[in-house]
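Engineer: So for the sequence shown, the working numbering puts the first residue at 129; every next one is plus one. Where is the CB? At the ideal position from N, CA and C, for every residue including glycine. This structure is a prediction, so every number in the text was calculated from the model and none was measured.
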Amino acid sequence: MGIVLGIESSCDETAAALVTTDRRIVAQRVASQDESHAPYGGVVPEIAARAHAERLTPMIEAVMHEAGLTLAELDAIAATAGPGLIGGVMVGLVSAKALAMAGDVPLIAVNHLEGHALSPRLADADLEFPYALLLVSGGHCQILRVDGVGQYRRLATTIDDALGEAFDKTAKILGLGFPGGPAVERLAREGDPRAVPLPRPLIGSGEPHFSFAGLKSAVLRAKESGQHGDADLAASFQQAALDCVLDRLRVALDTMEPVPALVVAGGVAANQVIRHALEQFASKRGMRFVAPPMALCTDNAAMIAWAGCERLGQSDPLDIAARPRWPLDPEAEPVRGAGYKA
Ligand code: KG4
Ligand code: ZN
């Protein structure tokens, strides 16, 4: 059995966790910076980096203290090395390097997206490779085939906004504050998903990519028209986004060899309506559906520590650089679109 310290600081969550190779989360801390960024309606990189720098060290000390461990007793230190906001990533990676050097412990530089991609295996010991993965967060929106640790084939990405970003922008339009996903989901419960006619960008397209910018603009126009209540707008937006997700998934799954399981990960996987619809979608196709518990969906360090567990035995040099961009599938072709995201 091995134990790995995980560190996450790529966006607006500062987190540290200790996870064992037999899937035990021994200790964990997560601090969200929502309040610091709320006045700006989005994550401000400079504020985020400063907050990580202030909070991370006490958090690492807290998890180590709680577990009663010294640095030398760790089997590895795993830190997010990208992709993400570079200032924050550097704070986490530099801390990990210093600790790895002080404790003479291997450093494992983890791709944040790999953390999300493997997180369902931390929660579910029965989930084996290969599986189809819908990775939907604030910064990413992809469909991947996961064949093993480090083996990812990207089938689809977004040509503009990520799904979580679309939720956040809709929340902003409706004056719901930041982060928007949970607020939109809550308000949508009181609305009619068929009340507002909204577009379903790219539905019917033969390639499984996503696009949400047009949907967000349509929400803005519908809001400005003054003809609809906010709850109906939220519910109709959520329904339109969900229809897109299911259609795009159908196309992606039809183009690949069948896999036994459909897995969802990333912050938007916390959405109950989307989870439920995905579960039904998977069961209709005879696939198992796996979604990690909520706390493992949004950014956290347990998933980074777990990715370290999956890679135990490997190590990275102490001069490894933080990477603002780091695609899981380097072979994937860029797709056309205004704001292409790797
Ligand atoms: O994975 P995550 O914590 O950070 C990134 O790596 O981006 O994802 C955060 C995103 C935000 O856009 C947030 O609005 C969205 O996940 N999110 C949700 C829900 N909870 C979080 N979106 C829809 N419904 C939710 N319940
Ligand atoms: Zn994330």
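Could you give the residue range of the alpha helix (DSSP H) that holds Gln295?
Structural biologist: The sequence given here places Phe at residue 295; Gln does not occur at that position. Here the alpha helix (DSSP H) through Phe295 covers 291-301.
Engineer: Looking at the unbroken alpha helix (DSSP H) that takes in Arg282, where does it start and where does it end?
Structural biologist: No alpha helix (DSSP H) contains Arg282, which is instead part of the beta strand (DSSP E) from 279-284.
Engineer: Mind checking which residues open and close the beta strand (DSSP E) that includes Leu390?
Structural biologist: 389-393
Engineer: Measuring straight from C-alpha to C-alpha, what distance separates Ile205 and Ala155?
Structural biologist: Cα to Cα, Ile205 sits roughly 14 Å from Ala155.
Engineer: Does the beta-carbon distance from Gly309 to Gly436 come in below 9 Å?
Structural biologist: no
Engineer: Could you spell out where the alpha helix (DSSP H) holding Arg157 opens and where it closes?
Structural biologist: Premise fails: Arg157 lies in the beta strand (DSSP E), 153-160, not in any alpha helix (DSSP H).
Engineer: Going straight from the alpha carbon of Ala143 to that of Thr383, what length do you get?
Structural biologist: 37 Å
Engineer: Can you list the residues near the ligand ZN, meaning Cβ strictly closer than 5 Å to any non-hydrogen atom, in the order they appear in the chain?
Structural biologist: Ser265, Asp427
Engineer: Leaving out five residues on either side along the sequence, give the residues of the same chain with a beta carbon under 6 Å from the beta carbon of Ala470.
Structural biologist: Residue placement at Ala470 is flagged as unreliable, the pLDDT there being 47, under the threshold of 50; the coordinate-derived value follows with that caveat. Answer for Ala470: Arg453, Pro455, listed in chain order.
Engineer: Taking its Cβ as the centre, do 16 or more other Cβ atoms sit within 10 Å of Asp162, making it buried, or is it exposed?
Structural biologist: exposed
Engineer: Does at least one heavy atom of the ligand KG4 sit under 8 Å from the Cβ of Phe496?
Structural biologist: This structure cannot speak to residue 496, because the chain is shown only from 129 to 470.
Engineer: Tell me whether Val463 sits in a helix, a strand or coil according to DSSP, three-state version.
Structural biologist: coil
Engineer: Taking only the alpha-carbon atoms, compute the straight-line gap between Pro258 and Ile331 and give it to the nearest angstrom.
Structural biologist: The straight-line gap from Cα to Cα measures roughly 26 Å.
Engineer: Assuming Gly332 is part of the beta strand (DSSP E), what are its boundary residues?
Structural biologist: Premise fails: Gly332 is in no beta strand (DSSP E) and is neither H nor E.
Engineer: Pick out whichever of Ala311, Gly305, Arg317, Ala362 has its Cα sitting closest to the Cα of Leu326.
Structural biologist: Ala362
Engineer: Buried or exposed, going by whether 16 or more other CB atoms sit within 10 Å of the CB of Gly216?
Structural biologist: buried
Engineer: Assuming contact is defined by CB atoms lying nearer than 9 Å, are Thr208 and Ile131 in contact in what I supplied?
Structural biologist: With contacts defined by Cβ atoms closer than 9 Å, Thr208 and Ile131 do not form a contacting pair.
Engineer: Mind checking whether the beta-carbon of Pro307 lies closer than 8 Å to any heavy atom of the ligand GTP?
Structural biologist: Absence of the ligand GTP from the depicted structure is noted, with the ligand KG4 and the ligand ZN being the only ligands included.
Engineer: Give the DSSP bridge partners of Val132, in chain order.
Structural biologist: Val147, Ala204
Engineer: Answer with buried or exposed for Gly266, where buried requires no fewer than 16 other C-beta atoms within 10 angstroms of its C-beta.
Structural biologist: buried
Engineer: Does the ligand KG4 have a heavy atom nearer than 8 Å to the CB of Gln400?
Structural biologist: yes
Engineer: Got a sec? Which residues, its chain only, sit under 7 Å from Arg183 by beta carbon, not counting five neighbours each side?
Structural biologist: Thr142, Ala159
Engineer: If you check the beta carbons only, do Ala423 and Arg403 fall under 9 Å apart?
Structural biologist: no
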